[in-house]
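Worksheet: one structure, shown below.
Chains as they are written, first to last, in UniProt numbering: chain A, 1 to 351; chain B, 1 to 672.
Here is the structure:
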């Protein structure tokens, strides 16, 4: 019954919800970002971050810092928090937490396969993978030559196995196919996650459906924009759109036939939530679209914390942390390359 | 009342008088001045640069340097810990060292350590590889020997096998096939076609997945043999011993070889070529063994060198860490001062107790002369409107109690300090609950031990539990003394009563003592001189008697302590000149408390002294429910009825007197 979670949620989920809310209060605020944007060197950034919750992770790094080190340590903090939560969770929360990482697994798989295609060293690629998406036999992805082998050798053991039914072909892997594979996998993952949340019911279903619908719609727009001018046919494009979300099914029909950005904009402006995003952009511009989408996402994620007794807070926290790490990476890069004027181009404030 | 004002000032009763001072320090003596003031520990600086972020402050570079140095020291400490050594202070006295020199030395040490570590890691890698090679040679040799001999016994059956092979091709075991292939191969070189093998070594944790992956890649056309190694191998990255497993994979075909090699690389398995010929294998093993012993000696030499370097650094480590921490604190304090660039001096504000004025001025004077500065430090008192911080001058004994009281809340400036009374009441109330002179003696011995070893234990670093006990050693001492006293009163020595103060006052009427279970013993002597009579223990009415005794005693103690608290509030109000508090808070509080609970205490004492059997519960409850009713057998003294009614009326009046006038008067004063 929706509305009565307060009676029973705390039995299993109370401790972790308190923990995740505690983590959330440690997210960097606008004041922190302002201070960080005024830093001159990476050492200043390190000094400022050691006053925040990232302190213990950065204090043992020797002085000439690299931006990759900062990002690595911050990601390490996120991974530690995630593992702590996963270790303390019971069903169905533990499955929910694992679902959050499947997206990273897909990204890692694609990274290794692409890297192998371009003849890179496996160990080097492994270091670039996102730690949350690691699984045991990931290194052996380098051996596979086509998708069927990929599935049979490695992915059948992983949680990604059920997502492969739609995209097994015997063609050899090349860049285009890999991208299609990535998007097909992600579509199957989103739909699976959506079904899982619906099954959980209650406040979780409602909040997660909203967040996942936004994710699906955003991916649809990105796929459309990225495939304008490529060899991807309209049918193929339509197959990559998810089966839920605000744009399903009529928006997808319109997006599938778009050939440039203005047509995309015209298609999206029929939906009020996305109209506000597109109204911020002037005609013909697509660089700010990413930032606009991130801002909208952050707004919705913060709203998820307003309600209690649901699992959406965990998903929202992980996404907000990832956004924060993206912000830190952008700021560090701008400072390292002495282009501080462009700092505000891509930083999304969370609070 | 003037008598109270003329009493000498009690140091601990109210916090020290503080004054706000301003220091104007010339830049060259700033560092020394702050470090001498820090050693004195009697000045609390106010942060004048509140609005600036950490890296906009003046001395940010120095703070960064100190942070770097402490990072290097932490790194060295970790290295010492990993090498399994314990740092101990050097027996010889060391010369004092300057901060810049320390920085240079630390840089050198860190570089040296990193280099040594890198070298020994490389050596360790090579050593590990050779060790693995040796193990692979041993175990793989066993596999090849066994298949070879297996094949030899099958040679005689070869003829039948070949016919049978055609019919039973699907069901013949892989081993037989391999065996037959092998013995076909043995005469000729085995490199071109047919079955080949790859031998290597892999971590035990990955071996199952590895086997499964190999099975899948080659679609089952392979034979996997594995055997665990005898020793464990030291992994240089994590510095732990891991178990490894030697494996041999038999397969056929060139494509399979490529795939298997890729999988080995992906799983981090190291492959080593093993010659099939036994004699050649033995030769290689001998070479490897000699190499290994060479490397061992080199490695050990390297480790010894590193350990020596670490030990020599370890002598100074504690001192250096202290120094760096102190420097960082000095620079943090310097960051709190205002830097006046035009006048080339630093301005700082802080609170200090009035009695410390001369000491501070002395320290500042010393700083000026030590830094050869022309201008002295200007030190003058400022006027302030805000409330000063609270500072209590404590010594060993009172420190523990002050900390206990501060844990509940720090007193406002110059408010009466409950720690003065807590010194006695806290251990005493503990003892009322503990009440056993046998256990009290044990506690006393423990406390005396801690106090006797004060100096030695104070300089060591103790675990968190021992630190708590050591910090409270005087509390424990008083607790034990009072416990012995209370134990004697309760007459319990490890819960056994003793006849210390003479014979019991009770005895049985006859030798069978049957009345101990019926009417009770008879009292034939005067009451036991001190403490509870030993006959009570084990009797049937022990609990009603003792419980009643302890409950009533606790009520008396509690009400006395509550009265003490209210009287302290009177002294506070008097000190701060707050007559409103006295008239509308202290007086009604005293009336309310004493007319109800003070009356109860009076009844308890009268009941004890007179031996009456009145039921005090009944008296108190019916005082409220039906105050005009006759008391009957619960009457303890003449006029009790009238007194009860008066007290009840007083209590009822006191409540609105306590709650209502003060807020209205304060509001009126505020709006004026």
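Backbone N, C-alpha and C fix where the C-beta goes; we use that ideal spot for every residue, glycine too.
The C-beta separation of residue 585 of chain B from residue 667 of chain B comes to about 16 Å, leaving the pair out of contact by the 8 Å criterion. The closest CA to that of residue 209 of chain B, considering only A/137, A/266, A/276, A/48, is found on A/137.
Pairwise C-beta distances place the segment 418-433 of chain B out of contact with the segment 445-453 of chain B, as fewer than three of them are shorter than 8 Å. Looking at the backbone, the Cα of residue 235 of chain B and that of residue 419 of chain B are separated by about 57 Å. Shown here for residue 208 of chain A: same chain residues with a beta carbon closer than 6 Å to its own, the five before and five after excluded, namely 197, 312 in chain order. By the beta-carbon neighbour count (other beta carbons within 10 angstroms, threshold 16), residue 7 of chain A is exposed. Residues of the segment 116-140 of chain A with a C-beta less than 8 Å from any C-beta of chain B: 122, 136, 137, 139, 140, listed in chain order. According to the DSSP assignment, residue 607 of chain B belongs to the alpha helix (DSSP H) that extends over 599-610.
By DSSP's assignment, residue 18 of chain B forms a beta bridge with B/353.
Under the three-state reduction of DSSP, residue 341 of chain B is assigned to coil, being neither helix nor strand. At a beta-carbon threshold of 8 Å, the residues of chain B lying near residue 153 of chain A are 213, 216, 217, ordered along the chain. Across the structure, residue 153 of chain A and residue 129 of chain A are spaced so that their CA atoms are roughly 20 Å apart. In this structure the segment 602-611 of chain B lies against the segment 545-563 of chain B, because at least three pairs of beta carbons, one per stretch, are closer than 8 Å. In terms of Cβ geometry, residue 135 of chain B and residue 246 of chain B form a close pair [threshold 7 Å].
Contact residues of the segment 248-265 of chain B toward chain A are 259, 262, 263, 265 (C-beta to C-beta distance below 7 Å). Its chain contains 19, 21 as the residues whose beta carbon lies nearer than 6 Å to that of residue 381 of chain B, once the 5 sequence neighbours on both sides are disregarded; these appear in chain order. Across the segment 62-96 of chain A, CB contacts with chain B closer than 8 Å involve 62, 63, in sequence order along the chain.
Straight through space, the alpha carbons of residue 317 of chain B and residue 97 of chain B are spaced by roughly 12 Å. Three or more beta-carbon pairs separated by less than 8 Å are not found between the segment 304-324 of chain A and the segment 61-73 of chain A, which leaves the two stretches without contact. Chain B has a Cβ within less than 7 Å of the Cβ of residue 142 of chain A. Boundaries of the alpha helix (DSSP H) around residue 420 of chain B: 419-434.
Distance between residue 316 of chain A and residue 350 of chain A, taken at the CA atoms: about 12 Å. Nearest CB-CB separation between residue 146 of chain A and chain B: not below the 7 Å threshold.
Annotation for residue 200 of chain B: the continuous beta strand (DSSP E) segment containing it runs 195-203.
In this chain, residue 134 of chain A is not harboured by any alpha helix (DSSP H), its DSSP state being neither H nor E.
A Cβ-Cβ separation of about 7 Å places residue 264 of chain A in contact with residue 221 of chain A under the 8 Å criterion. Three or more beta-carbon pairs separated by less than 8 Å link the segment 184-197 of chain A to the segment 93-105 of chain A, which places the two stretches in contact. Annotated three-state conformation of residue 249 of chain A is coil, per DSSP. Between residue 65 of chain B and the set A/18, A/44, A/83, A/29, the nearest pair of CA atoms involves A/44.
Residue 374 of chain B has no beta-bridge partner at all, per DSSP.
Taken in chain order, no unbroken stretch of beta strand (DSSP E) lies wholly in the segment 201-234 of chain A with a span of 3 residues or more. With respect to the C-alpha of residue 384 of chain B, the residue from B/231, B/442, B/395, B/350 having the closest C-alpha is B/350. Listed by position along chain A, the residues whose Cβ is nearer than 9 Å to that of residue 267 of chain B are 137, 139, 140.
Assigned with DSSP and collapsed to three states, residue 118 of chain A falls in coil, not helix or strand. Remark: fewer than three beta-carbon pairs, one from each stretch, lie closer than 8 Å, so the segment 507-514 of chain B and the segment 456-474 of chain B are not flagged as touching. In the DSSP secondary-structure assignment, residue 235 of chain B is bridged to B/240.
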